[in-house]
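Number of protein chains: 2
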Amino acid sequence: MSPGVAPAPLSTVRIAVDCMGGDHGPSVTLPACRAFLLKHPQAELILVGTAAALQAAHDMPRCTPVVASEVVGMDDSVEVALRKKRDSSMRVAIQQLKDGAHACVSAGNTGALMAVARYLLKTLEGIDRPAIAAVLPNRRDRYTTVLDLGANVDCTPEHLLQFAVMGSALVAAVDGTPEPSVGLLNIGEEAIKGSDIIKRAGELLREAGEGGHINFQGNVEGNDIYKGTVDIVVCDGFVGNVMLKTSEGLASMLSEFIRQEFTRGPFSKLAALVALPVLRHFKHRVDPRRYNGAALLGLRGLVFKSHGSADAYAFEQALARAYDAAHNRLLDRVHDLIAETLQARLQTPPASDAPAPSAA
Amino acid sequence: MSPGVAPAPLSTVRIAVDCMGGDHGPSVTLPACRAFLLKHPQAELILVGTAAALQAAHDMPRCTPVVASEVVGMDDSVEVALRKKRDSSMRVAIQQLKDGAHACVSAGNTGALMAVARYLLKTLEGIDRPAIAAVLPNRRDRYTTVLDLGANVDCTPEHLLQFAVMGSALVAAVDGTPEPSVGLLNIGEEAIKGSDIIKRAGELLREAGEGGHINFQGNVEGNDIYKGTVDIVVCDGFVGNVMLKTSEGLASMLSEFIRQEFTRGPFSKLAALVALPVLRHFKHRVDPRRYNGAALLGLRGLVFKSHGSADAYAFEQALARAYDAAHNRLLDRVHDLIAETLQARLQTPPASDAPAPSAA
Numbered sequence: 522m523s524p525g526v527a528p529a530p531l532s533t534v535r536i537a538v539d540c541m542g543g544d545h546g547p548s549v550t551l552p553a554c555r556a557f558l559l560k561h562p563q564a565e566l567i568l569v570g571t572a573a574a575l576q577a578a579h580d581m582p583r584c585t586p587v588v589a590s591e592v593v594g595m596d597d598s599v600e601v602a603l604r605k606k607r608d609s610s611m612r613v614a615i616q617q618l619k620d621g622a623h624a625c626v627s628a629g630n631t632g633a634l635m636a637v638a639r640y641l642l643k644t645l646e647g648i649d650r651p652a653i654a655a656v657l658p659n660r661r662d663r664y665t666t667v668l669d670l671g672a673n674v675d676c677t678p679e680h681l682l683q684f685a686v687m688g689s690a691l692v693a694a695v696d697g698t699p700e701p702s703v704g705l706l707n708i709g710e711e712a713i714k715g716s717d718i719i720k721r722a723g724e725l726l727r728e729a730g731e732g733g734h735i736n737f738q739g740n741v742e743g744n745d746i747y748k749g750t751v752d753i754v755v756c757d758g759f760v761g762n763v764m765l766k767t768s769e770g771l772a773s774m775l776s777e778f779i780r781q782e783f784t785r786g787p788f789s790k791l792a793a794l795v796a797l798p799v800l801r802h803f804k805h806r807v808d809p810r811r812y813n814g815a816a817l818l819g820l821r822g823l824v825f826k827s828h829g830s831a832d833a834y835a836f837e838q839a840l841a842r843a844y845d846a847a848h849n850r851l852l853d854r855v856h857d858l859i860a861e862t863l864q865a866r867l868q869t870p871p872a873s874d875a876p877a878p879s880a881a
Numbered sequence: 522m523s524p525g526v527a528p529a530p531l532s533t534v535r536i537a538v539d540c541m542g543g544d545h546g547p548s549v550t551l552p553a554c555r556a557f558l559l560k561h562p563q564a565e566l567i568l569v570g571t572a573a574a575l576q577a578a579h580d581m582p583r584c585t586p587v588v589a590s591e592v593v594g595m596d597d598s599v600e601v602a603l604r605k606k607r608d609s610s611m612r613v614a615i616q617q618l619k620d621g622a623h624a625c626v627s628a629g630n631t632g633a634l635m636a637v638a639r640y641l642l643k644t645l646e647g648i649d650r651p652a653i654a655a656v657l658p659n660r661r662d663r664y665t666t667v668l669d670l671g672a673n674v675d676c677t678p679e680h681l682l683q684f685a686v687m688g689s690a691l692v693a694a695v696d697g698t699p700e701p702s703v704g705l706l707n708i709g710e711e712a713i714k715g716s717d718i719i720k721r722a723g724e725l726l727r728e729a730g731e732g733g734h735i736n737f738q739g740n741v742e743g744n745d746i747y748k749g750t751v752d753i754v755v756c757d758g759f760v761g762n763v764m765l766k767t768s769e770g771l772a773s774m775l776s777e778f779i780r781q782e783f784t785r786g787p788f789s790k791l792a793a794l795v796a797l798p799v800l801r802h803f804k805h806r807v808d809p810r811r812y813n814g815a816a817l818l819g820l821r822g823l824v825f826k827s828h829g830s831a832d833a834y835a836f837e838q839a840l841a842r843a844y845d846a847a848h849n850r851l852l853d854r855v856h857d858l859i860a861e862t863l864q865a866r867l868q869t870p871p872a873s874d875a876p877a878p879s880a881a
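Here the protein sequences line up with chains D and Z, keeping their order. If you count by this note's numbering, then the first sequence holds residues 522 to 881, one letter each, in order. If you count by this note's numbering, then the second sequence holds residues 522 to 881, one letter each, in order.
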């Protein structure tokens with residue numbers, strides 16, 4: 522993984538936006554697009570939505586409207602999104618990737634988005650399954666990228682290796698970190714450390730690390746995500762999803778408790794008034810909207826998923842994240858790094874098994 | 522699960538205490554025992570430790586000293602705890618359960634404690650594997666019991682059913698909730714909902730719910746733990762451990778950020794001074810020390826595990842939790858509820874498959 526081989530950045534980045542997705546649709550996505558365009562003079566947007574919705578965007582510069590007649594609802598099943606609503610804004614937006622767009626952003630429901638993206642785009646060579654990667658804040662005031670967050674409930678060691686490679690390419694592209702560190706999510710108790718799948722995944726990651734393809738740092742535990750021990754934490758989608766939802770639940774409970782304590786009585790309310798600037802600064806620091814925008818990695822096209830409940834500020838962050846990824850040619854990087862890692866694995870005989878026969 | 526059949530409470534509760542376990546040993550455990558005894562006039566303690574350590578306890582009422590010559594270190598392997606240190610305070614304390622003590626509390630390392638307890642006590646009839654259960658605070662200002670937290674990395678659907686039954690007995694005994702609600706930890710995306718193991722576990726839990734043995738409420742997600750959607754959340758030990766450690770990491774990061782914000786400059790420090798009573802109240806509300814004391818369930822004896830870094834206040838809570846469980850005869854309850862559930866499963870033909878043949 523030599524830093525010198527990073528591909529040259531794209532000059533103009535074209536992003537297809539599913540304007541109808543999410544809980545709020547165009548009332549959030551269009552203002553977000555406006556704000557995004559102001560900050561990204563080299564970006565062009567393809568706005569996909571119903572004719573009625575797109576009327577509000579007629580004056581937006583560097584935008585191409587594309588009309589879609591249907592909308593995938595937040596509760597629509599994968600079946601409906603795939604087979605029934607063939608002219609949905611989600612599907613048409615993803616289709617743009619095959620017609621020249623560099624990235625696609627949608628706040629539509631994750632299951633449908635993944636299924637449609639996978640169906641239309643297919644996976645990259647060497648990738649068995651796409652994964653969902655997102656970032657969480659950490660104590661170092663940086664962020665930790667975690668994948669998979671729910672696309673795959675059962676993962677083989679090979680899948681986890683692919684996630685590690687894709688995550689490395691993502692962080693290198695979006696962050697500019699040349700050799701981002703990777704940890705494998707495991708549990709700490711000596712006697713029961715990890716399942717067989719995790720143990721084998723650890724071996725594969727170690728080999729890829731020794732081969733110089735990824736910067737593998739070994740096992741990490743749940744608390745390391747927020748400590749910022751490594752740049753990338755790899756886990757299966759079941760564990761990742763539980764981890765993410767648990768974090769959301771805990772953060773939400775704590776912020777509710779803080780609110781309750783500061784409104785408990787006249788003195789508390791006075792204290793809240795005095796502490797307001799400090800509390801605001803704290804809130805901004807951990808604001809989940811700043812971290813909005815999960816990457817669907819491993820597809821032959823860059824798809825980013827915004828939180829369904831995102832407001833305009835949050836959706837703009839997802840657009841910016843997609844822009845950075847496309848600008849720094851994430852797709853080429855994933856492709857190259859996967860090819861390099863797999864080729865090395867094919868060429869290397871299984872070295873770890875070699876000493877055993879002579880010892881026996 | 523009729524509320525009428527709860528066994529009569531124990532009048533005198535004898536608890537064996539591993540005084541040497543944890544990061545701080547007797548300097549924490551002995552003051553905790555003193556404070557505990559003051560509040561529990563019907564409790565007796567068996568204090569297990571080195572002769573030197575126990576000298577400090579010579580004046581404590583209702584205490585029986587038992588000398589052990591060795592100490593299991595926090596980094597000692599299971600192998601060392603099981604085979605080498607046969608006269609450790611941990612092992613001798615657990616042995617007391619076979620000689621008449623009603624519960625045992627240790628802050629020693631989890632892997633060693635589980636292994637020694639399992640070796641000496643064996644599992645209850647109908648239980649394949651013991652599980653670790655602990656409580657976490659929730660938005661309802663109650664708490665959610667979660668198991669398993671790390672004893673078992675790979676679980677079958679039957680194991681998860683056993684966890685649900687043991688958790689129900691625990692909450693009924695310690696909380697006095699007659700029919701505590703149970704949820705199965707799963708992930709939310711429709712298309713990818715759960716692995717085959719989770720799906721099958723859901724079926725088993727549903728049957729046990731329909732049979733009236735547990736109060737099963739269906740699937741829950743990570744955020745439901747802190748919402749307090751159900752009293753008991755069941756998961757495998759890998760997921761549970763990641764969930765717990767992630768929560769610890771997030772809480773620790775947030776409290777560090779709050780501290781940093783309130784000490785950033787003169788104004789922030791003034792605000793901190795004004796807000797101090799409010800912040801203190803908040804801190805107490807989510808103080809993890811209040812929730813200290815995990816139950817090792819499924820053994821032929823009640824073993825409670827304190828956090829290794831517990832201070833005297835936290836260790837006292839673990840003692841109190843063990844007391845409540847023993848006082849309300851948790852062991853008998855687990856035994857009865859498991860027997861009842863298993864018997865029903867053996868007697869009932871697989872009802873869910875019954876309608877299929879006639880429909881075909």
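Don't be surprised by glycine CBs; every beta carbon is placed ideally from N, CA and C.
With fewer than three CB-CB distances shorter than 8 Å, the region 714 to 730 of chain Z does not count as touching the region 741 to 754 of chain Z. Contact with chain D is absent for residue 751/Z, since none of that chain's Cβ atoms lies less than 8 Å from the residue's Cβ. Per the DSSP secondary-structure output, residue 736/Z pairs in a beta bridge with 702/Z. Those residues of the region 757 to 776 of chain D placed with their C-beta closer than 8 Å to a C-beta in chain Z are 758, 759, 760, 762, 763, 764, 765, 766, 767, 768, 769, 770, 771, 772, 773, 774, 775, ordered along the chain. Against chain D, the CB of residue 706/Z has a partner CB under 8 Å away; the residue lies at that interface. Residue 570/Z has 588/Z as its beta-bridge partners, per DSSP. At a cut-off of 8 Å between C-beta atoms, residue 671/D counts as an interface residue with respect to chain Z.
Of the other Cβ atoms in all chains shown, fewer than 16 fall within 10 Å of the Cβ of residue 608/Z; this residue is therefore exposed. The beta-carbon of residue 739/D is placed no less than 8 Å from the nearest beta-carbon of chain Z. For a Cβ distance threshold of 8 Å, residue set 767, 770, 771, 773, 774 of chain Z lies close to residue 747/D, ordered along the chain.
DSSP, read as helix, strand or coil, puts residue 612/Z in helix. Under DSSP, the beta-bridge partners assigned to residue 535/D are 565/D. Around the beta-carbon of residue 838/D, 16 or more other beta-carbon atoms lie within 10 Å, marking it buried. Membership of residue 658/Z in the beta strand (DSSP E) is indicated by the continuous run 652 to 658.
Straight-line spacing of the CA atoms in residue 661/Z and residue 745/Z works out to 11 Å. Restricting attention to 706/D, 672/D, 664/D, the CA atom closest to the CA of residue 826/D is found in 672/D. DSSP, read as helix, strand or coil, puts residue 862/D in helix. The Cβ-Cβ distance between residue 649/D and residue 758/D does not fall below 8 Å. Within its own chain, the residues whose Cβ lies closer than 8 Å to the Cβ of residue 760/Z, once the five positions on either side in sequence are excluded, are 706, listed in chain order. If you draw a 10 Å sphere on the C-beta of residue 805/D, you find fewer than 16 other C-beta atoms in it, and that means exposed.
In this model, residue 664/Z and residue 658/Z are separated by some 4 Å (Cα to Cα). The three-state reading of DSSP puts residue 645/Z in coil, since its state is none of H, G, I, E or B. Note on residue 850/Z: 16 or more other CB atoms within 10 angstroms of its CB, so buried under the neighbour-count rule. Contact of residue 623/Z with chain D by beta-carbon distance below 7 Å is absent, the smallest such distance being about 26 Å. Residue-level contact by beta carbon fails for residue 647/Z and chain D, as no gap is shorter than 8 Å.
In the structure shown, the three-state DSSP call for residue 558/Z is helix. Contact annotation: residue 772/D and residue 783/D have beta-carbon atoms that are not nearer than 8 Å. Counting along the chain, the unbroken alpha helix (DSSP H) around residue 746/D starts and ends at 743 to 748. Residue 680/Z has a beta carbon lying at 8 Å or more from every beta carbon in chain D. When 8 Å is used as the limit between beta carbons, residue 779/Z is near these residues of chain D: 803, in chain order. Short of 6 Å from the beta carbon of residue 618/Z, and not among the five residues preceding or following it, lie these beta carbons of its own chain, in chain order: 625, 822. Here DSSP, grouped into helix, strand and coil, assigns residue 827/Z to coil. Cβ atoms of residue 559/Z and residue 578/Z stay farther apart than 8 Å, at about 14 Å.
DSSP places residue 754/D within a strand segment (E or B) once states are collapsed to three. For residue 615/Z, the closest of 605/Z, 582/Z, 627/Z by C-alpha to C-alpha distance is 627/Z. Ranking 595/D, 697/D, 611/D, 646/D by CA distance to the CA of residue 845/D puts 697/D first.
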